[in-house]
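Each residue of the sequence shown is one higher than the last, beginning at 50 in our numbering. Glycine included, each C-beta is placed from N, C-alpha and C at the ideal position.
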Amino acid sequence: MIYHIPWIYTPVRTVLAIWHQLTKSEIPELAKCSVLMRDRGRVEDTIHTMQRAGAGSLQVISDFDMTLTRFAHNGKRVPTTHNILDNRLLINEDCTKKMRELLNTYYPIEIDAGRTAEEKQPLMVEWWTKVHELLIQQRIRKDMLSQAVKESSAMLRDGYKVFFDCLTEQQVPLLIFSAGVGDVLEEVIRQNQVFHPNVHIISNYMDFDQTGVLQAFKGQLIHTFNKREGALSHAAGLRELQGRPNVLLLGDSLGDLTMADGVSEHQNILTIGFLNDQVDERKESYVKSFDVVLVKDETMDVPNAILRHITSSRDNK
Ligand code: TMP
Ligand code: MG
């Protein structure tokens, strides 16, 4: 900012600083005590720059499980797309037991603050591969998925409708980039009536045979710590995202930060991280890595406020 340049005459700097404050509308949601920021000034400047560029320059890239969905509700964990499949319509008791054992073994590794992403990578491949093999053995029927989602306690974060509807109204593309199960994810957003035409999904999709029975998973496996590869191979080619150099990224894992690596010539990127679990152990690394960290916040209030600001009229141009 010009008024930070030391040789500018002091009263001129003061006037410029006051003008800057006056023209910069505040986002009160950022003052909530659940919001942590390494550099608040940078966050505000980025939001402001994005607002000046307008909705036409913006794209939103978001993780799904535990980012767009809640982490917990009334003290109980909300199921991820994989865990929604834990329904007798789809899998038997033995499979449930094995999937839970795998979750109890590998989830603590996924969120372990003491291991690097490189250390976690092969273990995540192991977890996803074992789970997908179990699911394939169950001969899951495509026509049962919708009922399983209906019977599940899947829940999007409070304020999700405002989020999806605002992006649709403003014609901003939303890329949902998930290591979950794409077919289940689609059903969750469809049943919540927010699967709008501006929503694009990159995820692990099921491959069904002609009779509608699961026989494999399609394409390259996506897990929490290889999203960079998916970003480069899939997201980079999405025509709807071209020519939108400003990115709002939402995630709950440090691995989610690579979801925007396929965006060529990005100009501004603002990252928002939901810190749901192991707060004390992970706070430092989240604050270092995400621009905005939301601690145990089950709502979309902050992303919605930021979006509202970015897509508001450009009076401050
Ligand atoms: P996400 O990329 O949409 O967040 O989805 C990945 C999450 O799914 C990750 O945090 C771990 C979770 N997961 C399960 O809950 N159960 C499983 O069996 C597997 C393989 C992953
Ligand atoms: Mg997630």
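Rounded Cβ spacing between residue i and residue j (contact assumed at less than 8 Å)
i, j, result
"Thr118", "Leu205", "6 Å"
"Asp232", "Leu194", "6 Å"
"Leu139", "Ile189", "5 Å"
"Gly229", "Thr129", "6 Å"
"Glu347", "Phe120", "7 Å"
"Leu343", "Val84", "6 Å"
"Asp350", "Glu78", "5 Å"
Check: residue i C-beta below 7 Å from any heavy atom of the ligand MG
i, result
"Asp207", "no"
"Ser302", "yes"
"Thr307", "no"
"Met115", "yes"
"Asp310", "no"
"Asp161", "no"
"Asp5", "The shown model of the chain, from 50 to 366, leaves out residue 5, and the question about it has no answer."
heavy atom of the ligand TMP below 7 Å from residue i C-beta
i, result
"His131", "yes"
"His180", "Position check: residue 180 holds Val in this sequence, whereas His was assumed. Correct: Val180 has its Cβ closer than 7 Å to the ligand TMP."
"Met148", "yes"
"Gly322", "no"
"Phe257", "no"
"Ser201", "no"
"Glu78", "no"
"Thr260", "no"
"Met193", "no"
"Thr98", "no"
"Ser338", "no"
"Ser362", "no"
"Ala197", "no"
"Gly2", "Residue 2 is absent from the structure shown; the chain starts at 50 and stops at 366."
"Thr273", "yes"
"Leu223", "no"
"Leu172", "no"
"Leu152", "yes"
"Ser282", "no"
"Ser83", "no"
Spatial neighbours of residue i in its chain, beta-carbon cut-off 6 Å, leaving aside the 5 residues before and after
i, result
"Asn353", "Gly208, Val211, Phe212"
"Asn317", "Thr95, Thr98, Met99, Asn295"
"Ser302", "Thr273"
"Gln327", "Ile160"
"Thr217", "His245, Asn247"
"Leu356", "Cys215"
"Met86", "Val92, Val341"
"Ala187", "Strictly speaking, residue 187 in this sequence is Gln, with Ala absent from that position. These residues qualify, in order along the chain: Ile140, Cys144."
"Ile238", "Phe244"
"Asp135", "Thr145"
"Arg277", "Thr307, Asp310"
Three-state secondary structure assigned by DSSP to residue i
i, result
"Met173", "helix"
"Ile158", "helix"
"His245", "coil"
"Met86", "strand"
"Leu152", "helix"
"Leu292", "In the sequence under discussion, the amino acid at residue 292 is Gly, which differs from the Leu named in the question. In this structure, Gly292 counts as coil in the three-state DSSP scheme."
"Asn275", "coil"
"Ser252", "strand"
"Gln264", "strand"
"Leu319", "strand"
"Thr307", "helix"
"Leu270", "coil"
"Ala354", "helix"
"Met349", "coil"
"Asn365", "Confidence in Asn365 is poor, its pLDDT being 45 and thus under 50, which makes the residue's placement unreliable; the coordinate value appears in the next sentence. It is coil, neither helix nor strand."
"Leu281", "helix"
"Leu79", "helix"
8 Å CB neighbourhood of residue i in its chain, flanking five on each side removed
i, result
"Ala104", "Gln219, Gln220, Val221, Ile359, Thr360"
"Ser338", "Leu303, Leu306, Thr320, Gly322"
"Lys125", "Ser202"
"Lys366", "Annotation note: pLDDT 45 at Lys366 (below 50); position unreliable, no value reported."
"Lys267", "Asn253, Tyr254, Met255, Asp256"
"Arg331", "Ile160, Ala162, Leu324"
Residues of its chain near residue i, where Cβ-Cβ distance is below 7 Å and the 5 sequence neighbours each way are ignored
i, result
"Tyr235", "In the sequence on display, residue 235 carries Glu and not Tyr. These residues qualify, in order along the chain: Phe244, Ile250."
"Ala285", "Gly311, Ser313"
"Asp367", "Examination of residue 367 is not possible in this model, given that the chain is present from 50 through 366 alone."
"Lys147", "Leu183"
"Ile133", "Ala197, Val198, Ser201, Ala203, Val233"
Inset, instruction - Counting only runs of 4+ residues fully inside the region 161-233, write out the alpha helix (DSSP H) ranges in chain order. - result: 166-186, 194-200, 209-218
Legend entry - Inside the region 93-145 only - alpha helix (DSSP H) runs reaching at least 4 residues: 130-133
Legend entry - Uninterrupted beta strand (DSSP E) stretches inside the region 322-346 (no shorter than 3 residues): 341-344
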